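Presented below is the structure to which this report refers.
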Amino acid sequence: MTSNERPLEWIGSSYKDLVALPEDVRRFFGFVLSLAQAGDKHDSAKVLKGFGGAGVLEVVEDDMAGTYRAVYTVKFAEAVFVLHCFQKKSKRGIATPKEDMDIIHARLKIAEAFIKELRK
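Count along the sequence shown from 1, then add 134; that gives the number in the numbering used here.
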(Lines of atoms letter the chains of each structure in order from A and count residues from 1; the text may use other names and numbers.)
(Lines give C-alpha, C1' and ligand atoms only; values in the text may rest on other atoms or scores of the structure.)
Protein backbone atom coordinates (compact mmCIF):
# COMPACT_ATOMS: atom_id res chain seq x y z
CA MET A 1 0.00 0.00 0.00
CA THR A 2 1.41 3.38 -0.97
CA SER A 3 1.00 6.46 1.18
CA ASN A 4 -1.97 7.77 -0.81
CA GLU A 5 -3.90 4.47 -0.82
CA ARG A 6 -6.73 4.00 1.60
CA PRO A 7 -6.67 0.88 3.76
CA LEU A 8 -9.27 -1.86 3.35
CA GLU A 9 -11.56 -2.45 6.31
CA TRP A 10 -13.62 -5.63 6.38
CA ILE A 11 -17.03 -5.41 8.04
CA GLY A 12 -18.68 -8.49 9.56
CA SER A 13 -17.86 -11.73 7.79
CA SER A 14 -16.96 -10.05 4.48
CA TYR A 15 -13.31 -11.22 4.54
CA LYS A 16 -14.21 -14.79 5.48
CA ASP A 17 -16.90 -14.78 2.79
CA LEU A 18 -14.46 -13.49 0.15
CA VAL A 19 -11.88 -16.15 1.00
CA ALA A 20 -14.56 -18.84 0.54
CA LEU A 21 -15.26 -17.79 -3.07
CA PRO A 22 -13.65 -19.49 -6.10
CA GLU A 23 -10.04 -18.40 -6.69
CA ASP A 24 -10.66 -16.58 -9.99
CA VAL A 25 -13.53 -14.63 -8.42
CA ARG A 26 -11.37 -13.77 -5.38
CA ARG A 27 -8.57 -12.51 -7.60
CA PHE A 28 -10.93 -10.34 -9.63
CA PHE A 29 -12.56 -8.85 -6.53
CA GLY A 30 -9.11 -8.27 -5.03
CA PHE A 31 -8.06 -6.36 -8.14
CA VAL A 32 -11.23 -4.25 -8.06
CA LEU A 33 -10.69 -3.46 -4.37
CA SER A 34 -7.05 -2.51 -4.96
CA LEU A 35 -8.21 0.00 -7.59
CA ALA A 36 -10.70 1.42 -5.07
CA GLN A 37 -7.91 1.79 -2.51
CA ALA A 38 -5.95 3.83 -5.05
CA GLY A 39 -8.96 6.07 -5.71
CA ASP A 40 -9.85 4.48 -9.05
CA LYS A 41 -12.90 2.50 -10.15
CA HIS A 42 -13.04 -0.64 -12.27
CA ASP A 43 -15.32 -0.39 -15.30
CA SER A 44 -17.52 -3.18 -13.95
CA ALA A 45 -18.10 -1.47 -10.57
CA LYS A 46 -21.61 -0.05 -10.50
CA VAL A 47 -23.47 2.09 -7.99
CA LEU A 48 -25.73 -0.09 -5.85
CA LYS A 49 -29.21 1.44 -5.80
CA GLY A 50 -30.93 2.14 -2.53
CA PHE A 51 -28.07 3.91 -0.75
CA GLY A 52 -28.66 7.52 -1.77
CA GLY A 53 -25.65 8.20 -3.95
CA ALA A 54 -22.53 6.87 -5.57
CA GLY A 55 -20.73 5.87 -2.36
CA VAL A 56 -21.77 2.19 -2.31
CA LEU A 57 -20.51 0.13 -5.24
CA GLU A 58 -21.12 -3.41 -6.39
CA VAL A 59 -19.04 -5.61 -8.63
CA VAL A 60 -20.36 -8.84 -10.17
CA GLU A 61 -18.36 -11.80 -11.44
CA ASP A 62 -19.58 -15.06 -12.98
CA ASP A 63 -17.97 -18.46 -13.08
CA MET A 64 -19.24 -21.95 -13.84
CA ALA A 65 -20.66 -22.33 -10.32
CA GLY A 66 -22.69 -19.14 -10.36
CA THR A 67 -22.73 -15.37 -9.96
CA TYR A 68 -20.83 -13.63 -7.17
CA ARG A 69 -21.00 -10.09 -5.84
CA ALA A 70 -18.83 -7.88 -3.71
CA VAL A 71 -20.20 -4.66 -2.23
CA TYR A 72 -17.98 -1.93 -0.85
CA THR A 73 -18.12 1.75 0.02
CA VAL A 74 -15.74 4.50 -0.97
CA LYS A 75 -17.69 7.30 0.70
CA PHE A 76 -15.13 7.80 3.48
CA ALA A 77 -11.68 9.31 2.96
CA GLU A 78 -10.21 7.18 5.75
CA ALA A 79 -10.76 3.72 4.23
CA VAL A 80 -12.50 1.51 1.70
CA PHE A 81 -14.99 -0.63 3.61
CA VAL A 82 -15.87 -4.06 2.22
CA LEU A 83 -19.48 -4.58 3.26
CA HIS A 84 -20.50 -7.94 1.79
CA CYS A 85 -19.24 -10.73 -0.50
CA PHE A 86 -21.70 -13.39 -1.55
CA GLN A 87 -23.00 -15.75 -4.20
CA LYS A 88 -26.17 -14.42 -5.79
CA LYS A 89 -29.04 -16.80 -5.28
CA SER A 90 -32.01 -14.65 -6.32
CA LYS A 91 -34.28 -16.36 -8.78
CA ARG A 92 -35.75 -13.01 -9.89
CA GLY A 93 -33.40 -11.57 -12.48
CA ILE A 94 -30.54 -9.33 -11.44
CA ALA A 95 -32.11 -7.98 -8.25
CA THR A 96 -30.04 -8.24 -5.09
CA PRO A 97 -31.98 -10.40 -2.60
CA LYS A 98 -33.58 -8.53 0.31
CA GLU A 99 -31.62 -10.54 2.87
CA ASP A 100 -28.35 -9.42 1.29
CA MET A 101 -29.55 -5.80 1.04
CA ASP A 102 -30.39 -5.89 4.76
CA ILE A 103 -26.86 -7.13 5.53
CA ILE A 104 -25.35 -4.37 3.39
CA HIS A 105 -27.46 -1.67 5.09
CA ALA A 106 -26.52 -2.95 8.57
CA ARG A 107 -22.81 -3.14 7.74
CA LEU A 108 -22.83 0.33 6.19
CA LYS A 109 -24.20 1.64 9.50
CA ILE A 110 -21.31 -0.10 11.29
CA ALA A 111 -18.82 1.59 8.93
CA GLU A 112 -20.49 4.97 9.50
CA ALA A 113 -20.31 4.52 13.29
CA PHE A 114 -16.64 3.50 13.03
CA ILE A 115 -15.80 6.63 11.04
CA LYS A 116 -17.82 8.86 13.37
CA GLU A 117 -15.86 7.50 16.35
CA LEU A 118 -12.55 7.81 14.48
CA ARG A 119 -13.22 11.47 13.68
CA LYS A 120 -13.88 12.46 17.31
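C-beta: ideal position from N, C-alpha, C; glycine also.
Values in this document were obtained by computation on a predicted structure and should not be read as measured data.
Measuring only the C-alpha atoms, how far is F185 from F165?
One Cα belongs to F185, the other to F165, and the distance between them is close to 24 Å.
Check: Given 8 Å as the limit, is there contact between the region 166-180 and the region 232-248, that is, 3 or more CB pairs closer than that?
Finding: no
query = Short check: CB of V216 to CB of Y206, under 8 Å?
reply = Inclusion of V216 and Y206 in the CB contact set at 8 Å is warranted, their separation being smaller than that value.
Self-check item: Contact set for V208: own chain, Cβ-Cβ below 7 Å, skip 5 residues either direction
Solution: A170, G189, L191, V214
Note to self: What residue range does the beta strand (DSSP E) around V153 cover?
What the structure shows: Run containing V153: none in the beta strand (DSSP E); it sits in the alpha helix (DSSP H), 148-153.
Given this structure, state the Cα-to-Cα distance separating A199 from V181, to the nearest angstrom.
25 Å
Near the ligand HEM: P141 beta-carbon under 7 Å from a heavy atom: This structure lacks the ligand HEM, and indeed carries no ligand of any kind.
- Query: In or out: E143 buried (at least 16 other Cβ within 10 Å) or exposed?
  - Reply: buried
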